[in-house]
Amino acid sequence: MLIMTAYSTTETAIEATRLGAFDYVLKPFDIPQVLELLQRALAAGESRRRHEARSAEEVLGEEDDIRLVGHTPPMQELYKAIGRVAPTDALVLIRGESGTGKELVANAIWRYSPRSRRPFSVINCVAIPDTLLESELFGYERGAFTGAQHRRIGRIEQAAGGTIFLDEIGDMPPGIQAKLLRLLQEKQIQRLGGHDSIDVDVRIIAATNANLEQAVADGRFREDLYYRLKVVTLWTPPLRERREDIPALAAFLLHRQAAGLHRPDPGLEEEALRYLAGLDWPGNVRELSNALQKALVFNSGAPVSIRDLQLVLDSPAGHPPAAGPGPNGNGDAAPAPGMRRAPAGMTGNAIPERESPGADTAAPVPAAPAAGHSDGQRSLDDIVTACLRSGDPSPFDTCMDIMGRAVVREALRQCGGNRSQAARLLGLSRPTLLARMEKYGLKIETRISDE
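The sequence shown: position 448 = 448 (the UniProt record's numbering), numbered continuously.
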C-alpha cells in the first residue's frame, strides 16, 4: 500500500506505517519518485503484517505534552521508523543531541506498541547517583546493605509487561552495564543482595547523546553491550536540520506553556517566528521551550515580539538589547547573545559563538555585560516582580529556575566550560551538574571523559 496525501500529520505518518503502508508521499511530488516507490513496493511482495489500529485521537492526540511536532523530511523519516519498530518487541536505541525529544520518541514507540496498556517507566541514568542506580533498577533483598530492612522491588520488575526507557545510557556505571547486558540477553535479573535469578518481561528502549563509539574505545562502555543495543537505532534530528518546523513548533510550545500558566496564548509575531527560525538552537527543542516560557512570564498580553525574545535569550533580565538597525544597518534584528547569523551564502542559519570544546568541557559561556551592584539588584527585582505578577501557579519555582540557570552558566564561564571544575565550584556532583545543564537547556557536548 502506497499513500499519497496533501495533509500529512504526525498521527497519519506513524499510523500509516504502523498499519502496513509501504511508504507515503506528500503532494506535490515528482512522478519519477512515485514510480520508484511503486517498483520497490511491488518487489517487496506481501504487504507488511497488519496490526489492529488504535485511533490517532486515542494515541498521539490524547496528550499535548507528549506530541511530536514537525513535517520536514527528517521528521517524516522518524515517524516512519517509529511506525515500523513500535509493533515489534525489538530493543531500540535512540540517539541524538540533548533536547531533541528522545523521550518523546520513546513514548510514541510505547504508545503504538502492544505493551501500551502496561507501564512506561522512565529512568535517567545521570540523574540518579551511581550508588543508588543499581538498587533503583534491580531492587534489593532485606539485609543487602545497612538500612535495607525490607525487600524492595526494582523499577524493572515494577514495569512487568511494559516498557523501560533508560535515558542517558552512555553514562551508566560499568558495574551496572554487566547486569543490564544479562537482562537483554537472558531476560533475567538478580536483586541486590539476592542469589535467585528472576525472569522479567519488559521491553527496553535506551537513549543517549554521548559518543558511544568513543566511550567503547576509552573503555567506559562495554563493547558487547554496545553491539547489543545498536540493533535498531533511531536518530532524532537537531532543530538546525529542520528549521522549517520551528514556527509551528514554537507556536505549539507557547500554547502549551500558556495553558500551564493558566494564561491566554498571546501568539507570536510573524517577525518573531522568522527570527526564531534563523537561530541555531544548540540546546534544541528544550532550549526553544525554555526561551518561550521566559518570554511568556514577562509578557504583558501582546503577541510575543523579537524584542521580547531578545530580552530572555541569555540576556540579563532588565537589560534588553538596544533597539536600532542591525549590524548591516538594514534594520534586521540582531541575533540573540551567544548566537550569530550565518556567513553570506548561508541564509537562514545562525551559528553559536563557541568553539568545539575538548573532553569534559561544555561550550564556554559568554560573559554577561558588566553591571554595578544596583543594576544587578534591579535585575533580580525585575525577575521576582515579573514572576509574581505573571499568574504563574508556581512563581517561586520559576524564579529559582531562572536564577539557577544563571548561576550554572556563570560557573561554567568561570571554569572555561569545564564541567568537573564547575561542579566542584558549585558544590555539586558531576552527574547533578549535567542534570541541571540538561534541565536549563544548556549545551552538553557529546564527548565526555572520566577524570
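Note that beta-carbon positions come from the ideal geometry of N, C-alpha and C, so glycine has one too. From a predicted model like this one, the values you see are computed outputs, not experimental measurements.
Does DSSP classify I306 as helix, strand or coil?
It is helical.
State the beta-bridge partners of N209 as determined by DSSP.
Answer is none; N209 lacks a bridge partner.
Among the residues of its own chain, which have a CB less than 6 Å from the CB of H255, if the five just before and after it don't count?
Excluding sequence neighbours, H255 sits near D265.
Assess contact between the stretch 98-112 and the stretch 282-289, defined as three or more Cβ pairs (one per stretch) separated by less than 8 Å. Is contact present?
Verdict: yes, contact present.
Could you spell out where the beta strand (DSSP E) holding D167 opens and where it closes?
T163 to D167 is the extent of the beta strand (DSSP E) around D167.
Let me confirm a value: R155 is counted as buried when at least 16 other C-beta atoms fall within 10 Å, else exposed. Which label applies?
Buried.
Quick one: residues in its chain with C-beta nearer than 6 Å to the C-beta of T432, no 5 flanking neighbours on either side, listed in chain order?
Cβ neighbours of T432 beyond the five flanking positions: none.
When the Cα atoms are used, what is the spatial distance from S305 to L268?
Each residue's alpha carbon lies about 6 Å from the other.
Does any CB atom of chain D fall closer than 7 Å to the CB of V231?
In the structure shown, chain D does not exist; there is a single protein chain.
Applying the 10 Å Cβ sphere with the 16-neighbour rule, what's the burial state of M172?
It is buried - the Cβ of M172 has at least 16 other Cβ atoms within 10 Å.
Keeping to the same chain, check which residues put their C-beta closer than 7 Å to that of K439; ignore five residues upstream and five downstream.
Once the five neighbours on either side are set aside, K439 has no close Cβ partner at all.
Quick check on the DSSP output: the alpha helix (DSSP H) that includes I82 runs from which residue to which?
That run of the alpha helix (DSSP H) goes P73 to V85.
Is D89 helix, strand or coil when you go by DSSP?
Coil.
Quick one: grab the DSSP three-state call for Q190.
Reduced to three states, the DSSP call for Q190 is coil.
Do you know offhand how far R117's Cα is from G162's?
Each residue's Cα considered, the two are about 8 Å apart.
Use the C-beta contact count for S135: other C-beta atoms within 10 angstroms, 16 or more gives buried, fewer gives exposed.
Burial call: buried.
From I164 to V202, what distance separates their C-alpha atoms?
Cα to Cα, the separation comes out at about 7 Å.
Based on the DSSP secondary-structure assignment, which residues constitute the bridge partners of I128?
According to DSSP, I128 bridges with nothing at all.
Have a look at the DSSP bridge pairing and note the partners of L273.
Answer is none; L273 lacks a bridge partner.
How big is the Cα-Cα spacing for A160 and P119?
Near 8 Å, if we compare the C-alpha coordinates of P119 and A160.
Could you tell me which of T236, M4 and G301 sits nearest to residue 452, measuring between CA atoms?
Because the chain is modelled from 1 through 451, residue 452 falls outside the range shown and cannot be assessed.
Comparing C-alpha positions only, which one of E157, R243, R413 and R222 sits nearest to R274?
Cα-wise, what sits closest to R274 is R243.
Below 8 Å, how does it come out for the stretch 393-410 and the stretch 122-139: are there three or more Cβ pairs, yes or no?
Not touching, per the Cβ criterion.
Measuring alpha carbon to alpha carbon, tell me which residue in L249, Q177, H262 and I189 is nearest R228.
Considering only alpha carbons, the answer is Q177.
So T236 is in the beta strand (DSSP E); what residue range does that whole segment cover?
T236 -> beta strand (DSSP E) spans T233 to T236.
In its own chain, which residues sit with a C-beta less than 7 Å from the C-beta of A250, not counting the 5 before and 5 after it?
These residues qualify, in order along the chain: L268, L273, L276, L288 and L292.
Which residue marks the beginning of the alpha helix (DSSP H) containing D224, and which one marks its end?
Note, D224: alpha helix (DSSP H), E223 to L229.
Starting from T398, follow the alpha helix (DSSP H) in both directions and report where the run begins and ends.
From DSSP, the alpha helix (DSSP H) with T398 extends over P395 to Q414.
Where does D199 sit, in a helix, a strand or coil, going by DSSP?
The answer is strand: DSSP assigns D199 an E or B state.
Let's test the definition: count the other Cβ atoms within 10 Å of the Cβ of residue 488 and tell me whether it reaches 16, buried, or not, exposed.
There is no way to answer for residue 488, as the model of the chain reaches only from 1 to 451.
Could you tell me the distance, in whole angstroms, from the CA atom of V312 to the CA atom of V92?
Distance between the alpha carbons of V312 and V92 is about 37 Å.
Helix, strand or coil for G278 per DSSP?
In the structure shown, G278 sits in coil (DSSP, three-state: anything other than H, G, I, E or B).
Looking only at its own chain, which residues have a Cβ that is under 8 Å from the Cβ of A435, when we skip the five neighbours before and after it?
Result list for A435: N124, V126 and A127, in chain order.
According to DSSP, G96 sits in a beta bridge with which residue or residues?
Note: G96 sits in a beta bridge opposite T236.
In terms of DSSP beta bridges, what is S121 paired with?
In DSSP, S121 forms a bridge with I164.
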